[in-house]
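Using full-length UniProt numbering, you'd call the opening residue of the sequence shown number 1 and step up by one each time.
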Amino acid sequence: MSKRVLIVDDAAFMRMMIKDILTKNGYEVVGEAQDGAEAVEKYKELSPDLVTMDITMPEKDGIAALKDIKALNGDANVIMCSAMGQQAMVIDAIQAGARDFIVKPFQADRVIEAISKVIG
């Protein structure tokens with residue numbers, strides 16, 4: 001059975017890029033969200049195996065959403081996505097429970113490597 005992924009990013013183009021990489025590599029994209037608040041709702045609804053989470057978003061940022069998701073499920077697998085130069089935020093995310101992070105612009109092999117490491 002393919003692993004189920006929820007993609008969270010405020011940029012539709014970025015969601016499309018990740019979705020393309022994941023589906024080509026046998027993962028099932030079960031949902032998309034464009035901000036942290038929507039991400040938490042979709043997580044409750046879909047119970048995905050993994051969430052890819054952008055850090056900088058309107059409404060609720062990725063770190064706040066990560067904390068909410070970890071509060072719902074301590075075993076949740078969340079990989080943060082960040083642009084270059086956000087090291088401090090990445091450290092906050094890892095301390096909040098993120099399993100890994102990938103840097104934008106996405107490189108397909110790095111995305112798949114991070115996801116394989118977390119959920120196989």
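Backbone N, C-alpha and C fix where the C-beta goes; we use that ideal spot for every residue, glycine too.
Ala88 and Gly26 have their C-alpha atoms spaced approximately 32 Å apart. A contact between stretches requires three or more CB pairs, one per stretch, nearer than 8 Å, and the region 4 to 22 meets this requirement with the region 44 to 59.
Boundaries of the beta strand (DSSP E) harbouring Thr52: 50 to 54, taken from the DSSP string.
Contact between Ile79 and Ala114 holds: their C-beta atoms lie close to 5 Å from each other, under 8 Å. Among the bridge pairs identified by DSSP, Phe101 is matched with Met80. At the C-beta level, Arg99 and Val118 come within 8 Å of one another. The three-state secondary structure of Ala108, taken from DSSP, is helix. Here the alpha carbons of Gly97 and Ala33 stand approximately 20 Å from one another. Counting along the chain, no beta strand (DSSP E) covers Ala11, and no H or E run does either. Counting the other Cβ atoms within 10 Å of the Cβ of Met16 gives fewer than 16, which makes it exposed. According to the DSSP secondary-structure assignment, Arg15 is paired through a beta bridge with no residue.
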